[in-house]
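Student: Numbered according to mature numbering (1 follows the signal peptide of the UniProt record, and there is no 0), the sequence shown spans residues -42 to -1, 1 to 147.
Using N, Cα and C, we set each Cβ at its ideal position, and we do this for glycine too.
Input: one structure, supplied below.
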Amino acid sequence: MVIRTMKKMRQLSTGPGHCAPVHVVLGGLLACAAIAPVTAQAPPPAAAPGPSSVPVPDELQLSKMVWSTLVAIDHANLAGNYSVLRDLSAPGFQINNDAARLGQIFASLRAQNIDLSNALLLTPSFIRTPALVKPDILRLQGYFGLRPTAIEFDLHYQWVQGRWRLFGVSINPVPLARVQPAGAKLPPR
């Protein structure tokens, strides 16, 4: 096809500069040939994730999210300062909860002297499969089977700027028998 095009261009071209169209075509072909090997060796561009696609964390990441949230709350309870917990959270959580309000929310947990850091000794048990409840909101429900008082949690995380950030939290100390299914083995002492 290129040869036919060049022949037609020669037939149509007369007078000075009749080779110019051929040089343009040949120059274009050479430019394409020079680029082709580089393009062939480069990996194909990765498909950019759409704005609504968020990674669903694996089991280890889910555990780390729960552990870090409980430790942040435990540290806030010990220090009486909830500003770091608030700053690590999603923007919507920050808007709805200033540090003073968080102090009020966790006052009963603080008064019961519940050591949330003990949760680091166990893997969280999920009572429901972690799931996206909205395109950018992940819900984690479960408990840590500590004795004599288990820690029940219901956490929401929002995907913000490439990471999961706390969006909603409910933590309740409950008797282990209440959260552990009948017939389940108790954790070792």
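Does the distance from the CB of residue 20 to the CB of residue 88 come in under 8 Å?
Tutor: By 1-based counting over the sequence shown, the position of residue 20 is 62. By 1-based counting over the sequence shown, the position of residue 88 is 130. Yes, the pair counts as a contact, with Cβ atoms nearer than the cut-off.
Student: Let me know the secondary structure DSSP gives residue 89 once reduced to three states.
Tutor: For the purposes of this step, residue 89 is taken as the residue at position 131 of the sequence shown. Residue 89 falls in the strand class under three-state DSSP.
Student: Excluding sequence positions up to five away, which residues of its chain have a Cβ less than 8 Å from the Cβ of residue 23?
Tutor: Here residue 23 refers to the residue found at position 65 when the sequence shown is read from its first residue. Hits under 8 Å: 15, 98, 113, 115 and 122.
Student: Using the Cα positions of residue 130 and residue 46, report the straight-line distance between them to the nearest angstrom.
Tutor: In the sequence shown, residue 130 corresponds to position 172, counting from 1. In the sequence shown, residue 46 corresponds to position 88, counting from 1. Straight-line Cα distance between these residues: approximately 21 Å.
Student: Please classify residue 81: does DSSP put it in a helix, a strand, or coil?
Tutor: The residue labelled residue 81 in the question sits at position 123 within the sequence shown. Of the three classes helix, strand and coil, the one that applies to residue 81 here is coil, per DSSP.
Student: How long is the line joining the alpha carbons of residue 70 and residue 91, rounded to whole angstroms?
Tutor: Along the sequence shown, read from residue 1 onward, the residue named residue 70 stands at position 112. Along the sequence shown, read from residue 1 onward, the residue named residue 91 stands at position 133. In a straight line, the C-alpha of residue 70 is about 31 Å away from that of residue 91.
Student: If I measure Cβ to Cβ from residue 31 and keep anything under 8 Å in the same chain, skipping five residues before and after, which residues do I get?
Tutor: As a position in the sequence shown, residue 31 is number 73, starting the count at 1. Sequence-distant Cβ neighbours of residue 31 in its own chain, meaning closer than 8 Å and more than five residues away, are 43, 64, 67, 74, 127 and 129.
Student: Taking just the CA atoms, how far does residue 84 sit from residue 136?
Tutor: By one-based count along the sequence shown, residue 136 stands at place 178. By one-based count along the sequence shown, residue 84 stands at place 126. C-alpha separation (whole angstroms): 14 Å.
Student: May I ask which residues mark the beginning and end of the alpha helix (DSSP H) holding residue 103?
Tutor: Taking the sequence shown and counting its residues from 1, the one referred to as residue 103 is at position 145. First-last for residue 103: undefined, no H or E at that position.
Student: What number of angstroms, rounded off, separates the C-alpha of residue 102 from the C-alpha of residue 11?
Tutor: Position 144 of the sequence shown holds residue 102. Position 53 of the sequence shown holds residue 11. Answer to the nearest angstrom: the Cα atoms are 30 Å apart.
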